[in-house]
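S.K.: If you scroll down you'll find the structure; I have some questions about it.
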Amino acid sequence: MRRMILALTLAAAPAWALDKPMTAAQFDAYSLGKTLYYAVGDKPYGAETYLPDHHVVWAFMGEDCKHGTWVETNGQICFTYEGDSNGPQCWTFFSETGGLKAHFEGDPQSSDLIEVHQSSEPLICPGPKVGV
């Protein structure tokens, strides 16, 4: 009976809950010096360049870049961006066969981000309203 309850519990748990989250050191070792591109399902979401000293440059697809930093807080990777008054945005990252998976901790119903591409080149950030 106990085995059946355990099996049902594991089957009902979301897949990300069964994986072990990356530590800050693991995340830094994986991401440093790279630009990672993320999608939700098959829709492009955004990209982030990971720089030394936990600095980042983020852009939603088709939007301006935002500079920020990240820190580890309670096992989560929390990002703060310049000009963003919402406070830190915390994620749990998992290492998967095809790349990273990121689960946003502020909304349990949100879809996970999946790494779909990586590059050693930084994001191209032309700036707001260039050419206008």
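Heads up, the sequence shown stops at 1015 in this note's numbering, and the numbers go up one at a time, no gaps.
Ideal Cβ positions, reconstructed from N, Cα and C, are used throughout, including at glycine.
Smallest Cα separation from Met-944: which of Ala-922, Thr-906, His-938, Phe-976?
M.R.: Closest by alpha carbon: Ala-922.
S.K.: For Tyr-928 versus Leu-996, is the C-beta distance shorter than 8 Å?
M.R.: The answer is yes: Cβ separation under 8 Å.
S.K.: Just verifying my parser: in three-state terms, what is the DSSP assignment at Gln-972?
M.R.: Gln-972 falls in the strand class under three-state DSSP.
S.K.: Quick one: is Ala-985 buried, meaning 16 or more other Cβ sit within 10 Å of its Cβ, or exposed?
M.R.: Classification of Ala-985: buried, given that the 10 Å Cβ count is 16 or more.
S.K.: Within the same chain, show all residues whose beta-carbon is closer than 6 Å to that of Val-999, passing over the 5 residues directly before and after it, in chain order.
M.R.: These residues qualify, in order along the chain: Tyr-920, Ala-922.
S.K.: The beta strand (DSSP E) spanning Ser-914 covers which residue range?
M.R.: Per DSSP, Ser-914 belongs to no beta strand (DSSP E); it is in the alpha helix (DSSP H), 907-914.
S.K.: In this structure, what does DSSP give as the bridge partners for Pro-1009?
M.R.: Bridge partners of Pro-1009: none, in fact.
S.K.: From Glu-979 to Ser-994, what distance separates their C-alpha atoms?
M.R.: Computed Cα separation, rounded: 16 Å.
S.K.: Fully enclosed by the segment 945-990, which beta strand (DSSP E) runs are 3 residues long or longer?
M.R.: Counting whole runs of 3 or more residues, the segment 945-990 contains the beta strand (DSSP E) stretches 949-956, 959-964, 972-979, 982-987.
S.K.: Do Glu-931 and Thr-952 have their C-beta atoms within less than 8 Å of each other?
M.R.: It is not a contact, given that the beta carbons lie outside the stated cut-off.
S.K.: At the level of alpha carbons, what is the spacing between Gln-992 and Ala-908?
M.R.: Their backbone Cα atoms lie some 27 Å apart in a straight line.
S.K.: To the nearest angstrom, report how far apart Pro-971 and Pro-935 are at their CA atoms.
M.R.: One C-alpha to the other measures close to 19 Å.
S.K.: Does DSSP put Pro-904 in a helix, a strand or coil?
M.R.: The answer is coil: DSSP assigns Pro-904 none of H, G, I, E or B.
S.K.: Which term fits Val-939, buried or exposed, when burial requires 16 or more other beta carbons within 10 angstroms of its beta carbon?
M.R.: The residue is buried, with at least 16 neighbouring Cβ atoms inside 10 Å.
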